[in-house]
Amino acid sequence: MLEIESLCVHYGRREVLHRMTLAPMQAGRVTALLGPNGSGKSTFMRGIAGLIRAEGRIRLGGKDLSSLAVGERSRLAAYLPQSLPPTVHLQVIEAVMVARRAGEAVSAECALRDSTDVLEELGIGHLALRYMDELSGGQRQMVGLAQALVRRPAMLLLDEPLSALDLRYQFAVMDVVRRETRKRNIVTLLVVHDLNIALQRADDVVYMRNGRLVAQGSVMGVTTPEVLGDVYGVETRLEVCPRGLPHVLVDGIIGEDA
Ligand SMILES: Nc1ncnc2c1ncn2[C@@H]1O[C@H](COP(=O)(O)OP(=O)(O)OP(=O)(O)O)[C@@H](O)[C@H]1O
Ligand SMILES: [Mg+2]
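Dropping the structure here:
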């Protein structure tokens, strides 16, 4: 499980995350991190991944992450950034194989097999021989996700992995992420802006605003119109469809946001 205590992050002299302490996040469950633009979600993810300096305590499976060497830390945690870095002229399958071999010495044969499997699982096997710099935005995002999954991390940190995806791939990705999280018993934390997909496909939610935790718990346990009003400044109704899935309807905006 992932434990976070008193997490603080500064950019220059400005404190952006204010002593965030969360209940432990259990392995085998998908947690959606939700909050408005600029609330600190990416900062939170980067702090956990060790990409920016963060004060406080972060433990994964009892291990203090700050005590680990950079290489070991990045092997444990696979992080998919919100905006994908520019790509090189590599075939998709090569790019995924490089990711597979980054943290672990495996044979080319094994890397090829695992990479092919993950591309198939994500439904992008047909892209294997295409070049990275000739893909669409959504296709690149899918390959980025394949690179994160193929590394077999103990923790998956996905910052808006659905932002460029069409409706079908959004659900396909959530299903694969859920399946992998359960099968490998890993901790998965992902940022999404689509509240309905989060509520329907995540197990737990963390709501934050202005660099602070607002609520954390199971989807149905903590998602209420009061919390959504507080976090997003919108008036909502929460309904449950005949199949038992939650659905948020937005009726209006509360006040004016500066
Ligand atoms: N590199 C940086 N230097 C200085 N300030 C930053 C930097 N990155 C982010 N910030 C500021 O920190 C705050 C949190 O930003 P962050 O990117 O974590 O928000 P977010 O919740 O991920 O937003 P979004 O939903 O728009 O991606 C914002 O006020 C932002 O302007
Ligand atoms: Mg962000």
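What the sequence shown shows, in my numbering, is residues 1 to 258, in sequence order. C-beta atoms are modelled at their ideal positions from N, C-alpha and C, and glycine is treated no differently.
heavy atom of ligand 2 below 6 Å from residue i C-beta
{"i": "Gln141", "result": "no"}
{"i": "Ser39", "result": "no"}
{"i": "Ser83", "result": "no"}
Host alpha helix (DSSP H) of residue i (start-end)
{"i": "Asp114", "result": "Ala108 to Glu121"}
{"i": "Asp175", "result": "Leu167 to Arg184"}
{"i": "Val143", "result": "Gly137 to Val150"}
{"i": "Leu76", "result": "Val70 to Leu76"}
{"i": "Gly221", "result": "Val219 to Val222"}
{"i": "Met208", "result": "Run containing Met208: none in the alpha helix (DSSP H); it sits in the beta strand (DSSP E), Asp204 to Arg209."}
Alpha carbon of residue i to alpha carbon of residue j, nearest angstrom
{"i": "His193", "j": "Ala32", "result": "9 Å"}
{"i": "Val177", "j": "Val30", "result": "8 Å"}
{"i": "Arg140", "j": "Leu127", "result": "10 Å"}
{"i": "Lys41", "j": "Val214", "result": "13 Å"}
{"i": "Met97", "j": "Ala49", "result": "22 Å"}
{"i": "Cys241", "j": "Arg201", "result": "14 Å"}
{"i": "Ala258", "j": "Val227", "result": "For Ala258, the pLDDT reaches just 46, beneath the cut-off of 50, and the residue's location in the model is therefore unreliable, although a value from the coordinates is still provided. When rounded, the distance between both Cα atoms is 20 Å."}
{"i": "Gly12", "j": "Arg53", "result": "11 Å"}
{"i": "Lys183", "j": "Tyr232", "result": "34 Å"}
{"i": "Asp117", "j": "Gly125", "result": "8 Å"}
{"i": "Gly35", "j": "Tyr207", "result": "6 Å"}
{"i": "Val106", "j": "Gly255", "result": "56 Å"}
{"i": "Asp166", "j": "Val248", "result": "20 Å"}
{"i": "Leu195", "j": "Ala27", "result": "22 Å"}
{"i": "Gln216", "j": "Asp204", "result": "7 Å"}
{"i": "Ser74", "j": "Gly229", "result": "36 Å"}
{"i": "Val250", "j": "Glu239", "result": "11 Å"}
{"i": "Ser136", "j": "Leu22", "result": "37 Å"}
{"i": "Ile93", "j": "Glu121", "result": "14 Å"}
Residue i versus the options, residue with shortest Cα-Cα distance
{"i": "Ser83", "options": "Arg53, Gly144 and Val248", "result": "Gly144"}
{"i": "Glu160", "options": "Asp133, Pro86, Leu238 and Tyr79", "result": "Tyr79"}
{"i": "His18", "options": "Leu51, Gly56 and Gly233", "result": "Gly56"}
{"i": "Ile186", "options": "Gly12, Thr21, Leu60 and Pro36", "result": "Leu60"}
{"i": "His10", "options": "Arg46, Leu238 and Leu22", "result": "Arg46"}
{"i": "Met142", "options": "Arg152, Leu119 and Met208", "result": "Leu119"}
{"i": "Arg88", "options": "Ile197, Pro246, Met25 and Asp133", "result": "At residue 88 the sequence reads Val, which differs from the Arg that was named. It is Asp133."}
Range covered by the beta strand (DSSP E) that runs through residue i
{"i": "Gly56", "result": "Glu55 to Leu60"}
{"i": "Val9", "result": "Leu2 to Tyr11"}
{"i": "Gly229", "result": "It is not in any beta strand (DSSP E) - Gly229 instead sits in the alpha helix (DSSP H) that spans Pro225 to Tyr232."}
{"i": "Met97", "result": "No beta strand (DSSP E) holds Met97; the alpha helix (DSSP H) holding it covers Val92 to Ala102."}
{"i": "Ile253", "result": "Pro246 to Ile253"}
Residue i: CB within 6 Å of a non-hydrogen atom of ligand 1
{"i": "Thr43", "result": "yes"}
{"i": "Val16", "result": "yes"}
{"i": "Tyr207", "result": "no"}
{"i": "Tyr232", "result": "no"}
{"i": "Tyr11", "result": "yes"}
Cβ distance (whole Å) where residue i is taken to contact residue j below 8 Å
{"i": "Leu157", "j": "Ala102", "result": "That pair is no contact at about 16 Å."}
{"i": "Val150", "j": "Ala99", "result": "5 Å"}
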